[in-house]
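In the UniProt record's numbering, the protein residues as written are 1 to 448.
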């Protein structure tokens, strides 16, 4: 059949986008290379919305958890991913976990039986030059299409990353121990000479930390990752530590040029954190790319002075992946600025996680539905989980240091100062519910 929109990629984002558009009455061509003779290094089968790494959508607590709130919002917006997840869930405490084979089979069946969806098992090697398109090919985009995206966005704009560093919530850092400063008090283009949070270490603390890095429990490489080199500029911190006990003191943990106001001297070593989002609520640990297992990271990094009670928005990791610099390349409706007939959705935009990927697919579809109807849909409010995630992807994050991230409350606008810390999570979710209701009422008729 003829189609109104072409969706490339049948993962969680592409499947969600296809469902939203089909339910709105638009004809969808959904291209998926698996099942047509091609396969990625990570997938196991050819069903749509296959969950590759685990069977968990993480917390389903919509009152005190950002991802649980995103679950709630997606259910409200008619998500096929959440519908099938609810139908196939297995016991997992407060988390939403599913039987992944039944789950992906349910999504595949729903889309295959929908009269407005045509699933085509084909590999797309170039970006379409015309016609509304949503690219949702995920972090393992096929080489041909990846090259085409690189050409369309600029070769330096398609980022193949091999390492990510942990991110810490600003309000969990002990500033009675840490202090704000830039090395040599150097003032940047938009800074004030106090742009970094600095956590000092003495000699004994530093050497104990290095031993913890070298001896810590590390994740093994998957077979398909073993031949992927990492760049010297993104060397895992434990690999640097293995080169010698003093290596880190002359690398990311050097204390020179950083006067500790409590001692008047440079620390023996220092861990620096750099602001990671425009709100200043998230700070990344500079140079701390790591393959340590998550539990080992939390245990070791909480030995760092000032981070004893650190709460992590994201833990570090090292793996092969690809994504675009969305804050630079996409507009507020996920359109490629250089080719606005194309939208991007899912993990290729730099969101991280199953539910986040599906949520951005939902958003891309909703924007496309409005466009197909000759209307414009305003973006969801930043106080909602969907709006906060979308805002981070399309402009809230720094493009030069942009890295994949899960939804978390650090992406939301802060609450009023008089809200007590213990009440903040519920405050975020209650505010989000009101804002989503207002947005849906405002959007009535736009995507109907």
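Yeah, the Cβ is synthetic: ideal placement off N, Cα and C, and Gly gets one too.
Any C-beta of chain D under 9 angstroms from that of residue i
i	result
residue 410	Protein chain content of the structure displayed is limited to a single chain, and chain D is not contained in it.
DSSP state of residue i mapped onto helix, strand, coil
i	result
residue 367	helix
residue 430	helix
residue 131	coil
residue 104	helix
residue 72	helix
residue 354	helix
residue 329	helix
residue 266	coil
residue 272	strand
residue 338	coil
residue 231	Low per-residue confidence applies at residue 231: pLDDT is 44, beneath 50, and the placement is therefore not dependable, though the value from the model is reported in the following sentence. Of the three classes helix, strand and coil, the one that applies to residue 231 here is coil, per DSSP.
residue 307	coil
residue 7	strand
residue 225	With a pLDDT of 49 at residue 225, under the threshold of 50, the modelled position of this residue cannot be trusted; read the value that follows with caution. Reduced to three states, the DSSP call for residue 225 is helix.
residue 388	helix
residue 324	strand
residue 144	helix
residue 157	Confidence at residue 157 is low in this model, with a pLDDT of 49, below 50, so its placement is unreliable and the value that follows should be read with caution. In this structure, residue 157 counts as helix in the three-state DSSP scheme.
residue 412	coil
residue 175	coil
residue 96	strand
residue 438	helix
residue 254	coil
residue 87	helix
residue 20	helix
residue 249	helix
residue 12	helix
residue 343	strand
residue 300	helix
residue 239	helix
residue 2	coil
residue 444	coil
residue 418	coil
residue 372	helix
residue 66	helix
Per DSSP, the bridge partner or partners of residue i
i	result
residue 38	34
residue 212	Beta-bridge pairing links residue 212 to no other residue.
residue 118	29
residue 55	None, per the DSSP bridge assignment.
residue 292	218
residue 282	169
residue 180	197
residue 277	397
residue 405	351
residue 314	167
residue 260	265
Within 9 angstroms, strictly: CB atoms of residue i and residue j
i	j	result
residue 167	residue 361	no
residue 364	residue 329	no
residue 142	residue 38	yes
residue 171	residue 425	no
residue 112	residue 119	yes
residue 95	residue 121	no
residue 316	residue 336	no
residue 256	residue 183	yes
residue 169	residue 311	yes
residue 200	residue 178	yes
residue 296	residue 373	no
residue 394	residue 322	no
residue 8	residue 102	no
residue 81	residue 358	yes
residue 338	residue 153	yes
residue 116	residue 27	yes
residue 127	residue 140	no
residue 252	residue 288	yes
residue 396	residue 379	no
residue 350	residue 428	no
Distance cut-off 8 angstroms: residue i Cβ against heavy atoms of the ligand GTP
i	result
residue 219	Absence of the ligand GTP is noted for the structure shown, with no ligands found whatsoever.
Item checked: the region 68 to 75 / the region 380 to 389 touching (three or more Cβ pairs under 8 angstroms) -> Touching, yes, given that three or more Cβ pairs across the two stretches are closer than 8 angstroms.
Check: Does the region 193 to 210 come within contact of the region 287 to 307, defined as at least 3 CB pairs closer than 8 angstroms?
Finding: Verdict: yes, contact present.
Check: Are three or more beta carbon pairs between the region 331 to 351 and the region 1 to 20 nearer than 8 angstroms?
Finding: Remark: three or more beta-carbon pairs, one from each stretch, lie closer than 8 angstroms, so the region 331 to 351 and the region 1 to 20 are flagged as touching.
Next item on the list: Kindly confirm or deny that the region 127 to 145 and the region 74 to 84 touch, where touching means at least three C-beta pairs closer than 8 angstroms.
Entry: Touching, no.
Margin query: Three Cβ pairs or more, each shorter than 8 angstroms: is that satisfied between the region 197 to 207 and the region 263 to 282?
Written below: When Cβ pairs closer than 8 angstroms are counted between the two stretches, the region 197 to 207 is seen to touch the region 263 to 282, the count reaching three or more.
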